[in-house]
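Novice:
In the working numbering, the protein residues as written are 1120 to 1556.
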């Protein structure tokens, strides 16, 4: 770039030769050039796929062993375990002591699922897909709503930055590590975030739902870490900072109704007594379902930044707070909130935990997945002395989420799927397990 020429001074150009002017201009350009550098670095480069290519991949396959278990979902005696970003394992759990591995449903990009009747709803990267599961050996895609979600990115190699993503290329299905050579201005570099690179903003677990009371007819039940929930004929999906509502009157063709801005990073959703209890990184929000297709804000309760699943029984909400790469914060604890006055929730008590994740409550029996510290079970009758009334502690497992039934507890963790018989609280027994292979 050359020095700007003031038109009012052109008449004075005889003061210097035209050669001197050119010299000064070139000298100035040379000074600017010294701020440009060519740098080679290794980065995570996205691999893209188009929607039409993904549709061809969805369908049933033979049963597969567990490899990367994620969210947990139950519909009748059918158990669904998400294989993160890849598909869904399906088991017959009619006999909890001997679950039968039935099939595997390929769904690229899946993180969360929900069911109503014979239809399964799943996220496929940034799309909502509806699958006919009436024949589990011949699952078919019957509807795809494109671009309704903010994509949860696949895991990256954290040793390297991420190059800028181009949505026009499709969705990011995986990454490759490549050397990139770029010319950049020195004053634009900002450490690891430079090189035109985005930080890894994939959600380790943008998590979400837990209807642990009796599920509605034809609707499935999920663990407390899911982001999807079906209540009546409405599907609710959490999408970064929004509560999205879909009408399932025609279960094979979800209709998008609305997106409620929550103005927080939303993580978990728990439907109970015509209300939605939504866990966020900065508190719990409560929405009313007088009109299920138009959730209305009732109240909220704020807490420090942390990951935050929530479940509710009677007039008490149980909330676990934990540190996490996407949640920030510094606390690992269990909070009990009084929600008898739904317009003004209040704190009952807090209890120190190790790194609590999912949780469940059934008839005052409280189940907490305390991360690497295993599964903890408490008698929650006395709300002010929860940790003093521990019933059992299974410390040798990495626990993630639970679904408590009347006498059987379903638990998913890093090591696999476990089921416990807690009909006798003095002698809780592990009755089956499916280990990661």
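Where a beta carbon is used, it is the ideal one built from N, C-alpha and C, also for glycine.
(1) When burial is assigned at 16 or more other CB atoms within 10 Å of the CB, is residue 1265 buried or exposed?
(2) When the cut-off is 8 angstroms and only beta carbons count, does residue 1531 lie next to chain C?
(3) For residue 1554, which residues from the same chain have a beta carbon less than 6 angstroms from its beta carbon, with the 5 sequence-adjacent residues on both sides left out?
(4) To the nearest angstrom, how far is the alpha carbon of residue 1285 from that of residue 1224?
(5) Cutting at 6 angstroms between CB atoms, please list the residues of its own chain near residue 1244, excluding the five before and the five after it.
(6) Can you round the beta-carbon distance between residue 1248 and residue 1230 to whole angstroms, since I take them to be within the 8 angstroms contact cut?
(7) Grab me the residues of residue 1297's own chain with a C-beta within less than 8 angstroms of its C-beta, minus the 5 sequence neighbours each way, in chain order.
(8) When we look at the beta-carbon of residue 1394 and count the other beta-carbons within 10 Å, is it buried (16 or more) or exposed?
(9) Considering only the beta carbon of each residue, do residue 1344 and residue 1477 sit closer than 8 angstroms?
(10) DSSP has residue 1441 in a bridge; who is on the other side?
(11) Return the first residue and the last residue of the beta strand (DSSP E) that residue 1357 is part of.
(12) Taking the C-alpha atoms as reference points, what is the distance between residue 1407 and residue 1192?
(13) What number of angstroms, rounded off, separates the C-alpha of residue 1342 from the C-alpha of residue 1463?
(14) Just mark residue 1196 as buried or exposed, buried being the case when its beta carbon has 16 or more other beta carbons within 10 Å.
(15) Taking the alpha helix (DSSP H) that residue 1170 belongs to, which residues open and close that run?
(16) With DSSP collapsed to three states, give me the class of residue 1150.
(17) Which class does residue 1373 belong to by DSSP, given the choice of helix, strand or coil?
(18) Based on Cα-Cα distance, which residue from 1239, 1267, 1508 and 1171 lies nearest to residue 1179?
(19) Cα separation between residue 1386 and residue 1263?
(20) Identify which residue in 1351, 1363, 1199 and 1292 has its Cα closest to the Cα of residue 1529.
(21) How would you label residue 1538, buried or exposed, when you count the other beta carbons within 10 angstroms and need 16 or more for buried?
(22) At what residues does the beta strand (DSSP E) containing residue 1473 begin and finish?
(23) Taking the alpha carbon of residue 1526 as the point to measure from, which residue in 1483, 1515 and 1272 has its own alpha carbon closest?
(24) Return the chain-ordered ranges of every beta strand (DSSP E) run that is complete within the stretch 1383 to 1432 and spans a minimum of 3 residues.
(25) If we call anything under 8 angstroms between Cβ atoms a contact, is residue 1438 one with residue 1454?
(26) Quick one: is residue 1217 buried, meaning 16 or more other Cβ sit within 10 Å of its Cβ, or exposed?
(27) What are the residues that DSSP puts in a beta bridge with residue 1338?
(28) Using DSSP with H/G/I as helix, E/B as strand and the rest coil, what is residue 1540?
(29) Are the beta-carbon atoms belonging to residue 1273 and residue 1292 less than 8 angstroms from one another?
(30) Could you tell me how far apart the beta carbons of residue 1170 and residue 1246 are, in whole angstroms, since I believe they sit closer than 8 angstroms?
(31) Contact check, residue 1461 vs residue 1418 under 8 angstroms by CB: the rounded distance?
(32) Look up residue 1297 in the DSSP assignment and give the residues it is bridged to.
(33) Quick one: is residue 1214 buried, meaning 16 or more other Cβ sit within 10 Å of its Cβ, or exposed?
(34) Going by other Cβ atoms of all chains shown within 10 Å of its Cβ, with 16 needed for buried, is residue 1159 buried or exposed?
(35) Residue 1545 by DSSP, collapsed to three states: which one?
Specialist: Looking at the atomic coordinates:
(1) exposed
(2) Although the question refers to chain C, the structure presented lacks it and comprises just one protein chain.
(3) 1535
(4) 29 angstroms
(5) 1228, 1270 and 1290
(6) In fact, because the Cβ distance is near 12 angstroms, the residues do not count as touching under 8 angstroms.
(7) 1161, 1162 and 1164
(8) buried
(9) yes
(10) 1426
(11) 1353 to 1358
(12) 24 angstroms
(13) 26 angstroms
(14) exposed
(15) 1170 to 1176
(16) Caution is warranted here: a pLDDT of 47 is assigned to residue 1150, below 50, making its placement in the model unreliable, and the coordinate value is therefore given only provisionally. In the structure shown, residue 1150 sits in a helix (DSSP, three-state: H, G or I).
(17) coil
(18) 1239
(19) 23 angstroms
(20) 1199
(21) buried
(22) That residue, residue 1473, is in no beta strand (DSSP E); it is neither H nor E in DSSP.
(23) 1483
(24) 1385 to 1390, 1394 to 1399, 1402 to 1407, 1415 to 1421 and 1429 to 1432
(25) yes
(26) exposed
(27) 1235
(28) strand
(29) yes
(30) 7 angstroms
(31) 6 angstroms
(32) 1162
(33) exposed
(34) exposed
(35) coil
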